[in-house]
Amino acid sequence: MSRRPASGASFSKEFLAEAEMLLEEAGTCIDGLDGESDDPNPAKVNALFRAVHSLKGVSGMVGLAGIAEAAHDLETLLDDVRMGRVVPTPAALAAVREGLTALSTLVARVAAGEEAPVLAERLRTRLEAALVTAPVAPVAAVPVLPADLEASLSDYERHRVGEAARRWKGLVLIDLDLDFDAFDTGLRTAMAEASAAGELIGTFPGTATDPSRMAFRLLVALSPEASVPELQEKCGACRVSVVLAGAPAALPSPRAPAPPETPGEAVPQVARGVVRVPLEKVAALVDLAGDLALTRGALGRALRRALAGAPDRSARYEAQRAFSQLDRLVSALGPTALSLRLVPVETLTSRLGRAFARTAAALGKEADFDVHGVETEIDKVLADELADPLLHIVRNALDHGIESPDSRVAAGKPRRGRVSMMVAPRGREVVLTFSDDGRGIDGASIVRRARETGILSAGEPDPRDAFSLLFRPGFSTAETVTEFSGRGVGLDVVGENLARLGGRVRVRSTPGKGTTFEVLVPMTLVLLESLVVRVGDLRFALPVENVLRTLPSRPEDALLVDGTFCLREGDRALPLARLDVLLGLAGQARRALPESVVVAEDGERAAAFVVDSVEGVWDLLVKPLADSVPRHREISGAAEVPGGEVALVLDSGALLSRIYASAASGRAA
Amino acid sequence: MTTPVRTRRHVLVVDDSGPARLLIRQALDGWARRTGQKLEIVEAENGFEALRELPRTSFDLVLTDVNMPTLSGLELIRMIRARPEQRGLPVVAISTERDAEDAVRARTAGADGYLGKPFDTETFDRLVDQLLLQVRAPEEA
């Protein structure tokens, strides 16, 4: 029972032809992937994976273990890319290229008559280096699919469905019922059209109307430009049904349930049931997901250490596979838990409606408030935080926009004014638009007013968007100060509050016709479990995932290696630096001596830094920094810590790079 | 009653790689020689061809590569399992050695057996015995 089948001359010629074809195919695929690191074309990645996988298979079959081994190493990396566990960074793509070159060399040597060369070890090392440096992309949960389809998904298909949902792509099913004689033409056409409209995730059996016919069902993730009616038309005799409405403009109404044309057995039923869950329970679930992520981190580190010395390669491979699986599940759990925080924006709009009615009555204005898109979902916390800024905008519209009933009639407008609110998802943001049919604002007079009041200084040119001046502190065009708006708390606070939530606001207006406020906010806010430390008067937060441990600062733990301060950590020495020095805060008045050391890691390196004290661990709502704050690469955002103070969120990768750079320069000195 | 049923058996081999089809064919021929069975082998280069061939012949066994472009082996197995007249047809998924995940995927999609390339004669024969000769009388099994 030889594992090496006899390989005659003709056979190896066939093998060479096939191997060269596969390598060429792989080369074409990777050429197409360059510059697509954010959202690489899944079909190309998959084709690349398949080519290398096939090469492994064929080489193994003809007994070329050396090539099979090298192809296997490359295939493992590609599988990780395909499954979203590794981002195809330029470094990873370069490693893939290098792997392909190595494989070509091996194949060329076989062609030259050399026997089964071995190269696997070096390729593996190079690929593993690329693997480590690539961050892991989170995978979203799989949305609701028909149960039978859901059950038959392969893990790759499942992953692609999750990716599509994560990127707000629409998912459709194309049901084909084809005559046997022409089924392959029909199927190929539909598959080609599906690929043209986005990504063909999988082909499934359909339910044929009679046994002599062939039925198929294609699962497709639509690209944002694709149109469902057009796809329906191009595929010919088929039925296209929407499973998940994406955010693209091509779909008539995002989030609206797609009405099936015929209520038949094959129509997917999207679950519309709603369960009310108290926020604490959701928070507990999110916490659990966080704990799991922590455990995964610890397990991953232990596994890496244990596997580094393991002699059994297949055990190592199995363990790595199992870990990748765990990693994927845990990564999927987090976003799923977070998605439970989404609530329809309706709670917010009904509150705005009540405030509108009260304000109108108090101001003696007659106006209607109508709302569209109340089913749009938004983060619960965001909905709460948005209430104040939006109330301000609504009151503003009534107070400054809508005229008194008499002047409206005099201007030839209906006596009753109107303020319309539209809510719609756009990509990963929610757009809230407030339009009134009031007196409008004149851009030129805003600029004039800003010049008069000194908000626009003499040397400052007119801004391109005059309406942006409305959000400058101190700006008010109100002639009269009313109870509701224009009392100092102006639009500047609205703008600030929205920026704090990662949102922004734009204004358009036509004098005499009305004004539109467009507010854009992210759909979800990210909660990050973070360790908060203090340096002088400043607080910093570091994602708990990146914290190995904290320990009291003791001089005897520090040692000098090559002129660099290091922390003794078991039998390793980690570079040690002071956070205040690193961030250029050394001049800060010190209240006390540094008490604590934080050991941080980014999956690749570890380093230690000294802080004044460790304050605790909290789930923080991280917000991007306003543009006015001078940027440090090491600081990725800001978050409010319980008690109302603000912590700057540290980017562990950049921070570690800085520590290593300063250690290197210390050595050079 | 103890004589094995000696009829011509029909096997469909699906693989996009020519050398792979050839090797599978060789392995099947070897099995037929050793067991004295008669085999008719039909080859298909892709899933579409396979779907076309399937209703034409009453196959006794399908051996399919997992990893094929456009219509993968797993997709093909799903199709086979969905058609009532082919539900009982034994299907072996073939992929590369060490792909424990491929084996699980193939089982999930409805395959009866799994072979890792390169396969040795013994493993191949045992699997084909199991799937093709299961009509043998119980005392002989």
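Listed in order, the protein sequences are those of chains H and V. When the first sequence is numbered by my numbering, its final residue is 767 and no position is left out of the sequence of numbers. When the second sequence is numbered by my numbering, its final residue is 143 and no position is left out of the sequence of numbers. Note that the Cβ used here is the ideal one computed from N, Cα and C, for glycine as well. Computed from a predicted model, the values in this text were never measured in an experiment.
Any Cβ of chain V closer than 8 Å to the Cβ of residue 176 of chain H would place that residue at the interface, and such an atom is absent. For residue 606 of chain H, the three-state secondary structure derived from DSSP is strand. Interface residue (Cβ-Cβ distance to chain H less than 8 Å): residue 72 of chain V is classified as such. Only 145, 148, 151, 152, 154, 155, 156, 158, 159, 160 and 161 from the region 132 to 163 of chain H bring a Cβ to less than 8 Å from some Cβ of chain V. Note that the C-beta distance between residue 499 of chain H and residue 612 of chain H is below 8 Å.
In summary, residue 120 of chain V is buried, with 16 or more beta-carbon neighbours lying within 10 Å of its beta-carbon over all protein chains present.
Interface annotation, residue 301 of chain H: in contact with chain V, CB-CB separation under 8 Å. Contact note: residue 285 of chain H reaches chain V through 50, 53 and 73, using a C-beta cutoff of 9 Å and chain order. The C-beta distance from residue 195 of chain H to residue 128 of chain H rounds to 6 Å, short enough to fall under 8 Å. In the DSSP annotation of this structure, residue 17 of chain V is not part of any alpha helix (DSSP H), being labelled neither H nor E.
Looking only at H:528, H:197 and H:131, the smallest Cα-Cα distance to residue 187 of chain H is reached by H:131.
Counting the other Cβ atoms within 10 Å of the Cβ of residue 40 of chain V gives fewer than 16, which makes it exposed. Assignment of residue 81 of chain V by DSSP, reduced to helix, strand and coil, places it in the helix class. For the set H:641, H:476 and H:282, the Cα lying nearest the Cα of residue 752 of chain H is the one of H:641. In the same chain as residue 692 of chain H, and ignoring 5 residues on each side of it, the C-beta atoms closer than 6 Å to its own belong to 651, 708 and 710, in chain order. Under DSSP, residue 733 of chain H shares a beta bridge with H:748.
Inter-residue distance for residue 618 of chain H and residue 492 of chain H is about 16 Å (C-alpha atoms, whole angstroms). In the DSSP assignment, residue 470 of chain H falls within the unbroken beta strand (DSSP E) covering 465 to 470.
Contact with chain V is absent for residue 667 of chain H, since none of that chain's Cβ atoms lies less than 8 Å from the residue's Cβ. The C-beta of residue 52 of chain V has 16 or more other C-beta atoms within 10 Å across all chains shown, which makes the residue buried. Checking the DSSP bridge columns, you'll see residue 181 of chain H has no partner listed. Look at the beta carbons and you see the region 149 to 156 of chain H touching the region 113 to 124 of chain H: at least three pairs across the two are nearer than 8 Å. Note: residue 523 of chain H is bridge-paired with H:528 in the DSSP secondary-structure output.
Residue pairing by DSSP puts residue 715 of chain H in a beta bridge opposite H:629.
A direct Cα-to-Cα measurement between residue 400 of chain H and residue 410 of chain H gives close to 17 Å. DSSP lists H:275 as the beta-bridge partner residues of residue 313 of chain H.
For residue 189 of chain H, the enclosing alpha helix (DSSP H) covers residues 188 to 209. In the three-state reduction of the DSSP assignment, residue 476 of chain H falls in the strand class, which pools E and B. Residues of chain V with a Cβ closer than 8 Å to the Cβ of residue 181 of chain H do not exist, since the nearest Cβ in that chain sits about 10 Å away. For residue 77 of chain V, the nearest beta carbon of chain H is closer than 8 Å to its own beta carbon.
It is roughly 6 Å from the alpha-carbon of residue 315 of chain H to the alpha-carbon of residue 301 of chain H. Only those residues of the region 408 to 437 of chain H whose C-beta falls short of 8 Å from the nearest C-beta of chain V are listed: 412, 415, 416 and 419. In the DSSP assignment, residue 454 of chain H falls within the alpha helix (DSSP H) that extends over 444 to 461. Of H:458, H:319 and H:330, the smallest CA-CA separation from residue 497 of chain H is found for H:458. Its Cα nearest to that of residue 278 of chain H, the residue V:54 stands out among V:71, V:11, V:54 and V:91. A residue is called buried once 16 or more other Cβ atoms fall within 10 Å of its Cβ, and residue 59 of chain V, having fewer, is exposed.
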